[in-house]
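Quick notes on the structure that follows.
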Amino acid sequence: MENNLYTFRTISHFLKLIVKPEVENRISSGTIANLPVQLNQFKIIWDKLNNKVIAQLNSEVEIVLSAKGKREIKAGEAITIDDIYPDECYIQNPVIDDKTCAFYICKSFYLGFITYFDFLPNAPDFEDIKLENRNMRYHVMDFMHYGYFKNNVNPFEKLRILSDHNWPPAPGFYPQIILEYDNNPGILNNDQITDSILKVYNYNFWNGHFDFWNNCNFFPNRIHYLKKAVDLFFNNDYISAIYTIVPQFEGIIKSYLLSQGIITDWEEKRFKPCVEALENLILSRKIIMFPEEIFRIIFKYLKDGSFWAHTGSIADPNTQINRHGILHGLFTGFECKEIGLKYLLLLDSLAFIILHDKMVTFNL
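Here the numbering used here is used: the first residue of the sequence shown is 3, the next is one more, and so on.
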């Protein structure tokens, strides 16, 4: 998942102005009964001639494509990907009453989004001739590959397995780490998985995330501690990295709950009830943009995994994350690259949850 600020802020903007009001209207009219609404895709059309804005949700979304054929194709004939040149597949503007319309499309792509838009028809001097040489490529092969990946690799099931083996279900595991595990489950039994994860979660990855988090006001008043922990980790000072980052997790969750009015002071709830309150908050929103399943996996890991477990149940603090044993100084000699990395991955999972909530509450 790339932290593209422009993409996320634009999606959030249209959710606020058009999609959320549309969902609320449908709730009022009874056409939407079950909440939250899992949005896999949406399309907005500006019908300038009739002075209307049209919102299409999920299966309502209609996408018209043009593509160069590899053979002669008759009107109405069904075609497959083998009948066209995928790199010459282009998305077409919607047309209403013979007038070309502006549009915006957002399609979910695992833990990210692909968007398409053309606002040119909203310009006062717009003429259709201006679109003749504008070819907006549709990522038809990417969607096909993702469909295959989803159906054959089952990424969420792989995340659950990694979680069950003491690896925080981090969003950056898609696709490379999930594919590596799918091809070779034995990587869980050696250092190979740690090295593979660090190729994804490298120092540049974290620097990019910190820039994004700063711009969006993630982790107010504590981001310098988190950055310090990352710097220490990549300088192989695992002791200092772990003892810097672990105390921040409770503060991250409680600070966010305070900002949302869920709790009113730091002592109101212990840590595990705060995790449950955060889960309830995320799933109480009217709209969910990322797959709900990923939230279930992350929160299950936080609530039922080793992080909150009683210290006596931790068989190996070198491989099992545990808040209590570290904060109370009950573990010694456990600090290593693997366990330090796991605490960093847990940070990215929490940031992913906060990103989603900021996006659907228009606070990016």
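We treat Cβ as the ideally placed atom computed from N, Cα and C, and that holds for glycine. Given the structure is predicted, the values throughout are model-derived calculations rather than measurements.
query	result
My output table needs one value for residue 127: the three-state DSSP class, helix, strand or coil.	coil
Report yes or no: do three or more beta-carbon pairs, one from the stretch 94-113 and one from the stretch 40-50, lie closer than 8 Å?	yes
Whole-angstrom Cβ separation of residue 328 and residue 202, contact assumed at under 8 Å?	So it is not a contact: roughly 25 Å between Cβ atoms.
Contact between the stretch 88-102 and the stretch 32-41 is defined here as three or more beta-carbon pairs at a separation below 8 Å; is this criterion met?	no
With a Cβ-Cβ cutoff of 8 Å, do residue 287 and residue 232 count as a contact?	no
Going by Cα to Cα distance, which pick from 207, 290, 140 is closest to residue 86?	140
Which residues in the same chain as residue 124 place their Cβ atom closer than 6 Å to its Cβ, once the five residues preceding and following it in sequence are excluded?	48, 104
So the alpha helix (DSSP H) residue 250 belongs to, where does it begin and stop?	250-261
From which residue to which residue does the alpha helix (DSSP H) around residue 157 run?	157-166
Assuming the contact rule is C-beta atoms closer than 8 Å, residue 240 and residue 338 should be a hit. Round their C-beta distance to whole Å, please.	6 Å
Of all the options 143, 332, 172, which has the alpha carbon lying nearest to the alpha carbon of residue 82?	143
For the beta strand (DSSP E) holding residue 33, just list the boundary residues, first then last.	Taken as a continuous stretch (DSSP letters only), residue 33 belongs to no beta strand (DSSP E), as it is neither H nor E.
Of the choices 102, 138, 114, whose alpha-carbon is the least far from that of residue 93?	138
Which parts of the stretch 55-112 are runs of the beta strand (DSSP E), unbroken and 3 residues or longer, counting only runs that do not cross its ends?	67-71, 86-93, 104-111
Which of the three DSSP states is assigned to residue 114 in this structure?	strand
How do the stretch 163-176 and the stretch 346-355 stand: do at least 3 beta-carbon pairs fall below 8 Å, yes or no?	yes
On a Cα-Cα basis, can you pick out the residue from 304, 290, 324, 259 that is closest to residue 274?	304
If I measure Cβ to Cβ from residue 237 and keep anything under 6 Å in the same chain, skipping five residues before and after, which residues do I get?	none
Would the stretch 285-300 and the stretch 207-226 be scored as touching if the rule is three or more Cβ pairs under 8 Å?	no
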